[in-house]
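Chains as they are written, first to last, in the numbering used here: chain A, -5 to 465; chain B, 55 to 537. First up is the structure itself, then whatever we jot down about it.
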Amino acid sequence: MPYIQNTDADRSAMLAAIGVRTLDDLFEQIPEELRLKRPLDLPAGLSELELKELLSERASWNSRGEQGSFLGGGVYRHFTPAVVDALQGRQEFVTAYTPYQPEASQGTLTAFFEFQTMIAELTGMEVANASMYDGASAAVEAVFLAAAVRRGRRKVVVSAALHPHSLRTLRTSLAWTELELVSAPLDESGRTRFDDCVDADTCAVLVQNPNFLGVIEDLDQVAACATEVQALPIASVYPTSLGLLRPPGDAGFAVVVGDGQGLGLPQALGGPSFGIFAVRQEFVRRMPGRIVGETVDRAGRRGFVLTFQTREQHIRREKATSNICTNNALAALRGAIYLAAAGPQGLAEVAHHCHAKATYAAQAIAALPGFSLPHGTDAFFNEFLVRCPVPAAQVNRALDKCGLIGGLEVAQVCTTPDALGLDEHHLLLACTETTSRMSIDRLLATLAELAPRTGAAGSDDASRPTTHQEA
Amino acid sequence: MNPDLLLFEKSSPGRRTLRLGALDVPQPDLTRLPAGALRLAPPALPEIGELDLVRHYTRLSKKNMSIVDSFYPLGSCTMKYNPVLHEEAAALPGFTDIHPWQDAGRLQGALAILRDLERDFAEISGLPCVSLHPAAGAQGELASLLVARAYFAERGEGERTTVLIPDSAHGTNPASAAVAGMRAVTVVSAADGGVDLDDLKTKVGADTAVFMITNPSTLGLFEERIAEIADIIHDAGGLIYMDGANLNAIMGITRPGDFGADMMHINVHKTFATPHGGGGPGAGPICVTEALGPYLPLPRIVEDENRLRLSEEAPDSIGMLRGWAGNFSVLLRAWCYLRRLGPEGIRRVSENAVLNANYLRARLRERWHVPFDRLCMHEFVANTRFQREAGVHAIDVAKRLIDLGHHPPTIYFPLVVPEALMMEPTETETRETLDSFVEDMLRIADECDQTPELVKQAPTTTPVSRLDEGRAVKQPVLRFRAE
């Protein structure tokens, strides 16, 4: 049998040592009438060679958009240096358990102490934990933290332009609590207006930056709006953007969460990624999840341990700050190695490239007849909303024919498209440092062919993209 | 350079590993961004060149004990071999470079794998409706409890909010109940290690929503009265939740759906050989009865006209607990494992896991006290009762084992056994490995009699000796700060 090393001779000797005759005898505790009297109905086992062939076949049914992709909405195609794969893939990291035995786990523990430091630096916060499941679940934990700190207050005010999965996750998680979810609307510029929604009953104000429609929010105003009523301002960030954009910590946020996928993780159908969770010092003991701290051994040497464990479920049970046990450690390790490989200059470079490519694409699209950018060409990081003269699905079909994965048909995935002013003509396009100018030019050519043919804006002219605003 | 320095201490301005090529589009005018949008100072990330980055993490990796270098008999954690093939599979570009919102027609390979897994888990659990959405076991527990709440609300039984939990349960059970806004009530264990039925009967009632049971229990014992327990709960109108942490013991032998469970989670990072990764990521699929199926989380894998897609619409669903469909590349590894083993192999896993655990128990029981000393399932609990006079505690034994090259068993859990040493060898270990562990455990037993100080001083072979955990709480240092 694959992966089982005992031989028949081993089994006989071991059964004898135990004092039973057969393997069946070992299961005498299981009442006869509860036993399964037939083999499991599963496909027959395969050899490694056969399985590899099946894997190749299944992988080939998936398409990667060989000519480029403009699909984002929370999951992005970023470049990952080869060292990240090689180092995170070391089996000493991959096959270790949670570092409950610190002397035998200094590798993992040191890496997480460094991870916490890097996340704190990136977000502008004082401390971070050793990861959550993902961005959406981290946002829920942040709201629970705020509700605990501001006990008695019932309102949780969230931007209408939160990622729809964060919104859905919040709805599910708050459904049976006393907390009430209030959606703050967007203004014409695409930024969230919290002022009319927050009051003395508000415990948390949650904003995503850039928001789901790509727009950069006014973090100072959001933080001021929350702190004025003593609510906790919480930001959900796209970590790559922090190579260029202002960290929420600098604007006075109490908690910063986010999804770590952009930090060296593949898209992989959306998981696993890891959740970022960073707070101001005063909330450390309210944090969910595992935290690594520095200490010394009996000889006074520096070492690292899991700490503040009395917050956690295995000690505190129903009084724990969260039910989280397994986190997304290995994915977070990958994020740490990526950030260490990038350094401040590399991360800034990646962020600049993302922004530059998106700006190039956005300005050219804005100049195409029939296409418009509801939030303009200067308010986003790497993702922007386009209103198309034809349904977005039609645009995506045309792009698919060129080997390109198009943008997000955003009205389809939002839970309240009308409230956000979205319809079937809206397309959300994302660029990253991996988006080549050639694929952007191909996108522009395809869009131009879909543009209404009036006067000078004929298909021949429009298929040659303009390169204006050379800086 | 001191190899024990942190990345931040090795950092030197101007170094880096990641460099992009020249920008192939115009530089945008950053002054056009909204006021206050830009970062003013760069984050103080470490600045490290590629070779030193490689050395740093390579050296760190060598400070870990892992399955690839050591026996790892952590009870309830199922630290079995993680096949190398799975890593190769998960790295195939056709599985890494796919976006969850791209056209479903271009995701048929990935969706077919998830659909296969739903069927496999339904068959193994005996519970027909499956969601692969939860990120880990604890999230699976929470999802299931929310499913139960939605089910009771629809039946007009919203007053059912009590969750009964045995005292031997994992801490996540009561914690998940609390997060679901439910009341956790403890049921005590009987003298034989099973659920105390008299205590259960006094606590079950019209407010009972769910009884959460781990079967086999954390003591490694199959609950022989499970059918009776299921009747008590079902007669009172409640549901049975099975914590699947110990599924590795019973696959192909008995099925939770057949012994009365209405819902369960599966820890694929235990039972289905996906890596623990130093704490995660895992995956915590849940399996439920037909009656509870409509309430499962989103998204769902649906099939129309031979084409699979992910649907975010289902009127009765509890919704989402995280983004996306689940931890796909973890689930993909579990699929590989199931395809390799097939039905016979899966049953063999459980048989050999139980064989290995009983062999270990039989060989240790003379020198190490086993409080429930009878045939066990895939794990058993010993303790340091015979070593009490020497003043040796479970933690000392654990640290001494590290010196002798074995990862320790789980210690101080379950809480119902004082000084517990909970051992789960798993099916992938050889008799020789078990024998070598036994010899070292017997050696430690001798040391406890003759040189207990040696045991109390351990470990001495690790990069650091025993660490001061109290100091880490009293003088918290949770991040590096430059002097």
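Glycine included, each C-beta is placed from N, C-alpha and C at the ideal position. This one's a predicted model, so the numbers in the text were calculated from it and none came from an experiment.
| In terms of DSSP beta bridges, what is residue 196(A) paired with? | DSSP lists 149(A) as partners of residue 196(A).
In the segment 209 to 241 of chain B, which residues sit with their C-beta less than 7 Å from some C-beta in chain A, listed in chain order?
Using a CB distance below 7 Å, the part of the segment 209 to 241 of chain B facing chain A consists of 225, 226, 228, 229, 230, 231, 232, 233, 234, 235, 238, ordered along the chain.
Next on the checklist: Against chain A, does residue 432(B) count as a neighbour if the rule is that its beta carbon must be under 8 Å from one of theirs?
Outcome noted: no
Fill in: Span of the beta strand (DSSP E) around residue 183(B)
183 to 185
Using the C-alpha atoms, what's the distance from residue -1(A) back to residue 90(A)?
-> Distance between the alpha carbons of residue 90(A) and residue -1(A) is about 21 Å.
key: Euclidean distance between Cα positions of residue 372(A) and residue 420(A)   = 18 Å
- Under 8 Å between beta-carbons, which chain A residues line up against residue 416(B)? List them in chain order, please. Residues of chain A passing the Cβ test: 11, 12, 13.
- request: Kindly indicate the opening and closing residues of the beta strand (DSSP E) around residue 278(A).
  value: Residue 278(A) -> no beta strand (DSSP E), and no H or E assigned at all.
key: Proximal chain A residues relative to residue 62(B), where beta-carbon distance stays under 8 Å   = For residue 62(B), the neighbours in chain A by C-beta distance under 8 Å run, in chain order, 108, 111.
At a CB-CB cut-off below 8 Å, which residues of chain A make contact with residue 183(B)?
Neighbours of residue 183(B) on chain A: none; closest Cβ ~17 Å, over 8 Å.
- Message: Please return the same chain residues whose Cβ sits closer than 7 Å to the Cβ of residue 482(B), not counting the five positions on each side in sequence.
- Response: For residue 482(B), where only same-chain residues beyond five positions count, the Cβ hits under 7 Å are 134, 135.
- Query: Is there at least one Cβ from chain B nearer than 8 Å to residue 77(A)'s Cβ?
  - Reply: yes
Classify residue 386(A): buried if its beta carbon has 16 or more other beta carbons within 10 angstroms, exposed otherwise. buried
Check whether the Cβ atoms of residue 59(B) and residue 108(A) sit closer than 8 Å, and answer yes or no.
no
Per DSSP, what kind of secondary structure is residue 70(A) in: helix, strand or coil?
Residue 70(A): coil per DSSP, three-state reduction.
task = Show which residues of chain A have a CB atom less than 8 Å away from the CB atom of residue 244(B).
result = Those within 8 Å of residue 244(B) in chain A number zero; the least Cβ separation is about 14 Å.
Thinking C-alpha only, which one of 143(A), 31(A), 99(A), 251(A) is nearest residue 272(A)? Checked all of 143(A), 31(A), 99(A), 251(A); the closest Cα to residue 272(A) is 251(A).
Discussion item. I'd like to know if residue 93(A) contacts chain B, where contact means its C-beta is closer than 8 Å to some C-beta of that chain.
Written reply: yes
inquiry  = Rounding to the nearest angstrom, what Cα-Cα distance links residue 446(A) and residue 149(A) in this structure?
reply    = Taking the straight line joining both Cα atoms gives about 47 Å.
Taking 7 Å as the limit between beta carbons, can you name the residues of its chain near residue 464(B), skipping five residues before and five after? 128, 129, 130, 131, 476
Original post:
Who are the near neighbours of residue 328(B) in its chain, counting only those whose CB is closer than 6 Å to its CB and skipping five residues on each side?
Top reply: 322, 384, 387, 388
May I have the straight-line CA-CA distance separating residue 357(A) from residue 155(A), to the nearest angstrom? 23 Å
With 16 as the cutoff for other CB atoms within 10 Å, does residue 432(A) come out buried or exposed? exposed
Step through the CB atoms of chain A and report whether any lies within less than 8 Å of the CB of residue 122(B). By this cut-off, residue 122(B) is an interface position.
Along the segment 324 to 344 of chain B, what residues have a CB closer than 7 Å to any CB found in chain A?
329, 330, 331, 332, 333, 334, 335, 336
Going by the beta-carbon positions, is the gap between residue 216(A) and residue 204(A) smaller than 8 Å?
Not closer than 8 Å, so no.
Exercise for review: Using three-state DSSP, classify residue 531(B) as helix, strand or coil.
Suggested key: coil
**Prompt:** In whole angstroms, what separates the C-alpha of residue 204(B) from that of residue 193(B)?
**Reply:** Each residue's alpha carbon lies about 16 Å from the other.
request  = Report the neighbours of residue 510(B) on chain A: residues whose CB is nearer than 8 Å to its CB, in chain order.
outcome  = Those within 8 Å of residue 510(B) in chain A number zero; the least Cβ separation is about 11 Å.
From the DSSP output, in three-state form, read off residue 121(A) for me.
strand
### Message
Which residues does DSSP list as the beta-bridge partners of residue 227(A)?
### Response
BP columns for residue 227(A) point to 199(A).
Check whether the Cβ atoms of residue 317(A) and residue 226(B) sit closer than 8 Å, and answer yes or no.
-> yes
ask   = When you compare only the Cα positions, how much space is there between residue 413(A) and residue 349(A)?
value = 28 Å
Check your understanding: Nearest CA to the CA of residue 472(B): which residue from 188(B), 519(B), 222(B), 197(B)?
Key -> 222(B)
Any contact between the segment 30 to 44 of chain A and the segment 284 to 297 of chain B? By contact I mean 3 or more CB pairs, one from each, below 8 Å. no
Check your understanding: Do the segment 135 to 144 of chain A and the segment 143 to 153 of chain B touch if we need at least three Cβ pairs shorter than 8 Å?
Key -> With contact defined as three or more Cβ pairs closer than 8 Å, the segment 135 to 144 of chain A and the segment 143 to 153 of chain B are not in contact.
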